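K.L.:
Pasting a structure below so you can have a look.
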Amino acid sequence: MINLRKQLAWLCSASVWCGTAAYGVEPMAPANTDEQEPARLRAASEAPALGIRPVDPADYWQRLERAEAQIAELQSQNQTLRESQSPIQQAGFNPLHMAPLFFAHDPEIGIIREQTRSTSSLMEAAKDPSKPEAPKPKKWFDKLSIRGYAQFRLNEVTHLDEDSAPAQYVGDRSLADNQNFLIRRARVIISGDVHERVYVYLQTDFASSGVDPNSQFAQIRDWYADYYLDEEKELRIRVGQSKVPYGWENLQSSSNRIPLDRHDALNSAVRNERDLGVFFYYTPVWAQDFFKDVLERGYKGSGNYGLFGVGLYNGQGGSFNEANDNVHVVARLTLPLILDNGQHLEVGIQGYTGEYAVTGSAIDPPGTPPGFSATTGGAPDGTVGTNSAGISVQNAFTQPLSAARDREGWNDERLAGSFIWYPQPFGFQTEWTVGRGPALNAAQTSIEERALYGGYAMMLYKHDTDCWGTWFPFVRYSYFKGGYKSERNAPFANIDEWEFGTEWQINSAAELTLSYLITDRTNTTALTPSAGNPVGQSYDQFDGQALRLQFQVNY
Numbered sequence: 086m087i088n089l090r091k092q093l094a095w096l097c098s099a100s101v102w103c104g105t106a107a108y109g110v111e112p113m114a115p116a117n118t119d120e121q122e123p124a125r126l127r128a129a130s131e132a133p134a135l136g137i138r139p140v141d142p143a144d145y146w147q148r149l150e151r152a153e154a155q156i157a158e159l160q161s162q163n164q165t166l167r168e169s170q171s172p173i174q175q176a177g178f179n180p181l182h183m184a185p186l187f188f189a190h191d192p193e194i195g196i197i198r199e200q201t202r203s204t205s206s207l208m209e210a211a212k213d214p215s216k217p218e219a220p221k222p223k224k225w226f227d228k229l230s231i232r233g234y235a236q237f238r239l240n241e242v243t244h245l246d247e248d249s250a251p252a253q254y255v256g257d258r259s260l261a262d263n264q265n266f267l268i269r270r271a272r273v274i275i276s277g278d279v280h281e282r283v284y285v286y287l288q289t290d291f292a293s294s295g296v297d298p299n300s301q302f303a304q305i306r307d308w309y310a311d312y313y314l315d316e317e318k319e320l321r322i323r324v325g326q327s328k329v330p331y332g333w334e335n336l337q338s339s340s341n342r343i344p345l346d347r348h349d350a351l352n353s354a355v356r357n358e359r360d361l362g363v364f365f366y367y368t369p370v371w372a373q374d375f376f377k378d379v380l381e382r383g384y385k386g387s388g389n390y391g392l393f394g395v396g397l398y399n400g401q402g403g404s405f406n407e408a409n410d411n412v413h414v415v416a417r418l419t420l421p422l423i424l425d426n427g428q429h430l431e432v433g434i435q436g437y438t439g440e441y442a443v444t445g446s447a448i449d450p451p452g453t454p455p456g457f458s459a460t461t462g463g464a465p466d467g468t469v470g471t472n473s474a475g476i477s478v479q480n481a482f483t484q485p486l487s488a489a490r491d492r493e494g495w496n497d498e499r500l501a502g503s504f505i506w507y508p509q510p511f512g513f514q515t516e517w518t519v520g521r522g523p524a525l526n527a528a529q530t531s532i533e534e535r536a537l538y539g540g541y542a543m544m545l546y547k548h549d550t551d552c553w554g555t556w557f558p559f560v561r562y563s564y565f566k567g568g569y570k571s572e573r574n575a576p577f578a579n580i581d582e583w584e585f586g587t588e589w590q591i592n593s594a595a596e597l598t599l600s601y602l603i604t605d606r607t608n609t610t611a612l613t614p615s616a617g618n619p620v621g622q623s624y625d626q627f628d629g630q631a632l633r634l635q636f637q638v639n640y
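In my numbering, the protein residues as written are 86 to 640.
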């Protein structure tokens, strides 16, 4: 290393020599003892009239000593910094560990960031802080973001009991006879703040299917706007079609859920988990941070649906026409907590009430009287049908109990509790519901009000690896007994099943889920007499096992 002291000393000495030589004065060495006064230059009057005051050489040496001391101190500080570790290094920081914060495993992470205060802005920041300038409004294409995901499935029935009904699973058409690959979901989401107080969310599913099993079309899933009543985004009013705040798993995005399908007990409460209505949510800032944190950390959160929520909605289910003049009322209260050891958990309670009009379909139940069959369009009493335009009409195929009662609907009310222990790394989820609602009677001839109850319990584990992504092994038990109102004729269902498997998050854009299903569930398809289908097989039990596989792509 170059000796900086010697170099500076040489330069200063040369400067002194040159300066004194210009005045005709020989340079003198500085005094080495305190008793001896340093030599002075000649009087200023003897110097050439150049307008420059002669400089004492001793001053150069004093300045040099001070500079050397400062340099030595800086070198010492620099060496200390090199030898010590920063707090981030001491914590074992690895940039790859921050990937979940910047590369969302599911679209819900981007959504909740938009719904959290201080994470979105409609104004562009000034380019240079030293030169403040008025922020410019963002262009329309800067206000909105586009994201989505797609799920590709394959189900294979591995075992079917001898007396079992045909394989059928509500929500998954590929778990049935003569089925193979299926595009379960193909979602495109557009969302963002279009105003400081207005947030929009538009989600379309391109994998929806109609009556024709060969058809696929785009269907609205969510189409709503949030109006914030304050700058902190704590109070908001949501208008449009969105998820109904009933059930933690119902609110959790399908892109973020580990099992391939939601459990039936709470999911049967709201078809497609969504409906058209108006909702009010209260989410204090600390709760916003909690909901955002559990998603960004990869704990499989459900999103921001408020600490408290209440709303009015049609009641027939998302993307379905209203069938009566009544509305449903729903309320939900959830309490997110963080224990002293950092464990995240959530406890909630929710309930709703309303009148539900059951959509009918022709069946031929056992022991039915003459004339009540598919050949004459027979459907259970107490239901409504649909015309060619898809509008609900009074069922005139049978002798109804009361046309007014069918149109008004049936009492529909439920209460449920939720407990979520987020996977850190062990996790546990459970939700159970009780209530009353419309259901097909035992004779399969009419609708009546019947009690219902059920729920699920699931254990899971979060395992992070250095190079093989994140694994979520799980096991879930589900049970439900009651009217499946969202299915035609509201069949009375008995569901008792186990499912276990694992989700593998390969990277931020790809996930693979493999599970095995052991089920004893009611086939909710309305069957009519046909070859190989004896009369009375409608709503029998599907008792069997299936291997399930899903590949998900996030974009």
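Ideal placement from N, C-alpha and C gives every residue a C-beta, glycine not left out.
Computed from a predicted structure; not experimentally measured.
What residues are listed by DSSP as bridge partners for Gln435?
P.N.:
Gln435 pairs with Arg417, Ala501.
K.L.:
Excluding five sequence neighbours on each side, which residues of the same chain lie with their C-beta closer than 7 Å to the C-beta of Ile197?
P.N.:
Answer for Ile197: Phe376, Lys377, Leu380, Gly388, Asn389, listed in chain order.
K.L.:
When DSSP labels each residue in this structure, what does Glu334 get in the three-state scheme?
P.N.:
Residue state, collapsed to three classes: helix.
K.L.:
Go to Val370, then tell me how far its alpha helix (DSSP H) extends in each direction, as first and last residue.
P.N.:
370 to 381
K.L.:
For Asp581, which residues from the same chain have a beta carbon less than 7 Å from its beta carbon, with the 5 sequence-adjacent residues on both sides left out?
P.N.:
Tyr564, Asp605
K.L.:
Are Asp246 and Asp628 close, meaning C-beta to C-beta below 7 Å?
P.N.:
yes
K.L.:
Assuming Gly400 and Gly439 form a contact by the criterion Cβ under 8 Å, report the distance between their Cβ atoms to the nearest whole angstrom.
P.N.:
5 Å
K.L.:
Within a Cβ cutoff of 7 Å, which residues of the same chain sit near Leu520, ignoring the five residues on either side of it in sequence?
P.N.:
Correcting the residue type first, residue 520 is Gly in the shown sequence and not Leu. Excluding sequence neighbours, Gly520 sits near Glu498, Arg499, Leu500, Leu537.
K.L.:
Counting C-beta neighbours from all protein chains within 10 Å, is the total for Leu422 16 or more, i.e. buried, or is it exposed?
P.N.:
exposed
K.L.:
If I follow the unbroken alpha helix (DSSP H) through Asn352, where does it start and stop?
P.N.:
Counting along the chain, the alpha helix (DSSP H) containing Asn352 begins and ends at 349 to 352.
K.L.:
Tell me, to the nearest whole angstrom, how far the beta carbon of Gln626 is from that of Tyr234; I am working on the premise that it is less than 8 Å.
P.N.:
Going by Cβ atoms, the distance from Gln626 to Tyr234 rounds to 33 Å, so no, they are not a contact pair.
K.L.:
How is the alpha helix (DSSP H) around Ile274 delimited, first residue to last?
P.N.:
No alpha helix (DSSP H) contains Ile274, which is instead part of the beta strand (DSSP E) from 266 to 280.
K.L.:
Which of helix, strand or coil does DSSP assign to Thr609?
P.N.:
coil
K.L.:
In terms of residues, what are the limits of the alpha helix (DSSP H) holding Pro523?
P.N.:
No alpha helix (DSSP H) holds Pro523; the beta strand (DSSP E) holding it covers 511 to 525.
K.L.:
When the distance is taken between beta carbons, is Ile274 closer than 7 Å to Arg342?
P.N.:
no
K.L.:
Looking at the secondary structure, which residues open and close the beta strand (DSSP E) in which Trp583 lies?
P.N.:
577 to 592
K.L.:
Please state whether DSSP places Asn240 in a helix, a strand or coil.
P.N.:
In this structure, Asn240 counts as strand in the three-state DSSP scheme.
K.L.:
Using 8 Å as the Cβ pair cut-off and three pairs as the minimum, do the segment 501 to 516 and the segment 414 to 434 touch?
P.N.:
Enough Cβ pairs lie closer than 8 Å, so yes.
K.L.:
Just to check my reading of the structure: Arg258 and Gln236 have Cβ atoms closer than 8 Å, yes? What is that Cβ distance to the nearest angstrom?
P.N.:
About 13 Å separates the CB atoms of Arg258 and Gln236; that is not less than 8 Å, and the two are not in contact.
K.L.:
Take the Cβ of Leu392 as the centre, count every other Cβ of all protein chains shown within 10 Å, and call the residue buried at 16 or more, exposed below.
P.N.:
By the Cβ neighbour-count rule, Leu392 is buried, with 16 or more other Cβ atoms within 10 Å of its own.
K.L.:
Using CA coordinates, which residue listed in Ile448, Thr515, Ser503, Gln590 is at the minimum distance from Tyr541?
P.N.:
Thr515
K.L.:
I'd like to check one pair, Trp371 with Ser660: are the Cβ atoms closer than 7 Å?
P.N.:
It is not possible to answer for residue 660, since the shown part of the chain is limited to 86 through 640.
K.L.:
Can you grab the Cα-Cα spacing for the pair Gln590 / Gln304, in whole Å?
P.N.:
In this structure, the straight-line span from the alpha carbon of Gln590 to that of Gln304 is close to 28 Å.
K.L.:
Quick one: what's got a C-beta closer than 6 Å to Gln635's C-beta in the same chain, skipping five residues either side?
P.N.:
Gln236, Arg238, Leu345, Thr598
K.L.:
With DSSP as the reference, label Thr165 as helix, strand or coil.
P.N.:
helix
K.L.:
Gly256: which of Asn357, Glu319, Pro222 sits nearest, CA to CA?
P.N.:
Asn357
K.L.:
Give the secondary structure of Lys328 by DSSP, where H, G and I count as helix, E and B as strand, and everything else as coil.
P.N.:
strand
K.L.:
In whole angstroms, what separates the C-alpha of Trp553 from that of Asn526?
P.N.:
52 Å
K.L.:
Could you compute how far the alpha carbon of Asp83 sits from the alpha carbon of Gln253?
P.N.:
Only positions 86 to 640 of the chain appear in the structure, and residue 83 is not among them; the question remains open.
K.L.:
Just how far apart, CA to CA, sit Lys224 and His280?
P.N.:
12 Å
K.L.:
What residues in its chain sit with their C-beta under 6 Å from that of Asn579, if we drop five residues either side in the sequence?
P.N.:
Lys566, Thr607
K.L.:
Quick check on the DSSP output: the beta strand (DSSP E) that includes Phe557 runs from which residue to which?
P.N.:
555 to 568
K.L.:
Check Gln121 in the structure and name its three-state DSSP category.
P.N.:
Bear in mind that a pLDDT of 45 at Gln121, under 50, signals an unreliable position, so the number given afterwards is only what the model happens to contain. If DSSP states are grouped into helix, strand and coil, Gln121 belongs with coil.
K.L.:
Span of the alpha helix (DSSP H) holding Glu316?
P.N.:
Unbroken run through Glu316: none, as it is neither H nor E.
K.L.:
Let me make sure I understand the geometry here. Which of Tyr284, Arg282, Arg306 has the alpha-carbon closest to that of Phe37?
P.N.:
Summary: the structure shown does not reach residue 37, with the chain confined to residues 86 through 640, and so no result is reported for it.
K.L.:
Given a threshold of 16 other Cβ atoms within 10 Å of its Cβ, counted over all protein chains shown, does Ile505 qualify as buried or as exposed?
P.N.:
buried
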